[in-house]
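Numbering (UniProt numbering), first residue to last: 1 to 200.
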């Protein structure tokens, strides 16, 4: 399944423990589920012994987390934070990254990330002993200024340069994309009529 549902966006999640230790880890079971209200979803696999990873443990304790978007420039540091460090280790420090304080939540964001979404836990769903799905409501967004097209106020995909997860150790960029407008029903019917008339 995970080798065919690709590319998957990556949530670079930062949390903080009850003792104030910052945790950072990437998750590719992630997406936006709703714009109103703004809801994100994370799928977090438990450890082999079925105990919660630091991410879920911290979210359960503090009711918050921050999703940072990974661009190509941060692929290397992101992979460092994926290593299986002990709970008391600050992954951001290990990866040479900067923790910027949260505005609406106590956990930090990654200053080097082009986009970050501060979230409060909306609901947690333990789908099995091996995995938990966490829904988070976005309460604050941080977007690097150059990522926004000031003429349209849309994000500039080229400047965002986000990466996605493929199967295995593979990743993919997002610069090779194309526009494909959705046709109206009338346009679809006209195209079908032309094909029927030509015998195709």
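Using N, Cα and C, we set each Cβ at its ideal position, and we do this for glycine too. The structure displayed is predicted, hence computed values, not measured ones.
If we count the other Cβ atoms within 10 Å of its Cβ and call it buried at 16 or more, is residue 97 buried or exposed?
So residue 97 counts as buried.
CA nearest to the CA of residue 34, picked from 112, 135 and 27
Among 112, 135 and 27, the Cα nearest to that of residue 34 belongs to 135.
DSSP has residue 68 in a bridge; who is on the other side?
12 and 116
Can you give the Cα-Cα distance for residue 179 and residue 89, rounded to whole angstroms?
43 Å
Using DSSP with H/G/I as helix, E/B as strand and the rest coil, what is residue 103?
coil
Once you ignore the five residues that flank residue 45 on each side, which residues in its own chain have a CB closer than 7 Å to its CB?
130 and 131
Give me the Cα-Cα distance between residue 20 and residue 60, rounded to the nearest whole angstrom.
Approximately 14 Å between the Cα atoms of the pair.
So, under 8 Å CB-CB, residue 205 and residue 42 are touching, yes? Tell me the CB distance rounded to an integer number of Å.
Only positions 1 to 200 of the chain appear in this structure, which leaves residue 205 out of reach.
Alpha carbon to alpha carbon, what distance is there between residue 155 and residue 198?
42 Å
Presumed contact (8 Å Cβ cut-off) between residue 92 and residue 99, rounded CB distance:
5 Å
Going straight from the alpha carbon of residue 202 to that of residue 188, what length do you get?
In the structure as shown, the chain begins at 1 and stops at 200. Residue 202 is therefore absent and cannot be evaluated.
Nearest to residue 23 (by Cα), restricted to the options 125, 12 and 75:
12
Report yes if the CB atom of residue 10 is closer than 9 Å to the CB atom of residue 163, and no otherwise.
yes
If I measure Cβ to Cβ from residue 94 and keep anything under 8 Å in the same chain, skipping five residues before and after, which residues do I get?
80, 81, 83 and 85
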